[in-house]
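A.B. asks: Have a look at this one before I ask anything.
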Amino acid sequence: MEGRTPTEAVLPPSGEGTVVLDIGGESGAAVIYVPAALHGEEMEIRAVGQPWNGAHTGIRERTLRDGACFAAVFGALDHGDYQLRIRGAETDQMVDVSVAGGGITEARWPER
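Per the working numbering, the sequence shown starts with residue 326, numbered consecutively.
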């Protein structure tokens, strides 16, 4: 369709226990907590020193026992160092994380 931009619906909140993490051995996960203003955006990830290849996940509201938060979850990553950015953003802001095999790395995206 000419002149139309494809859109994706913003997914509803995910509840406690609804996210699958594939961790163990050399594989870990990363959870990046973000400000509510980023809800519905996509977060892109790359290994440090590698080009951006489009690997990304959606930023969603996460309903937890203690309340709600907004986060991007990368459920299966090889151990190593990574850089994250907001996909398509007009800024060069990035966050660096280190992922350990068998572990879950948590980080916070800075407020704008």
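Beta carbons: idealized from backbone N, C-alpha and C, even for Gly.
#1: Distance check for Met419 and Pro435, CA to CA, integer angstroms please.
#2: State the beta-bridge partners of Ile384 as determined by DSSP.
#3: Alpha carbon to alpha carbon, how far is Arg390 from Ala396? Give it in angstroms, no decimals.
#4: Flag this pair as yes or no: are the beta carbons of Gly379 and Glu386 separated by less than 9 Å?
#5: Is Val356 buried or exposed, if buried means 16 or more other CB atoms sit within 10 Å of its CB?
#6: Name, in chain order, the residues that DSSP records as bridge partners for Gln408.
#7: Please state whether DSSP places Leu363 in a helix, a strand or coil.
#8: So, is Val449 buried or exposed, given that buried needs 16 or more other C-beta atoms within 10 angstroms?
#9: Reducing DSSP to helix, strand and coil, say where Glu415 ends up.
#10: Just the C-alpha distance for Thr330 and His381, rounded to the nearest angstrom, thanks.
C.D. replies: Result, derived from the coordinates:
#1: Whole-angstrom Cα-Cα distance: 9 Å.
#2: DSSP, once it has assigned bridges, lists Ala397 as partnering Ile384.
#3: About 15 Å.
#4: Not closer than 9 Å, so no.
#5: The residue is buried, with at least 16 neighbouring Cβ atoms inside 10 Å.
#6: The beta-bridge partner set that DSSP reports for Gln408 consists of Arg371 and Asp421.
#7: In the structure shown, Leu363 sits in a helix (DSSP, three-state: H, G or I).
#8: This structure cannot settle anything about residue 449, because the visible part of the chain is limited to 326 through 437.
#9: Reduced to three states, the DSSP call for Glu415 is coil.
#10: Unreliable placement is indicated for Thr330, whose pLDDT of 48 sits below 50; no coordinate value is reported for it.
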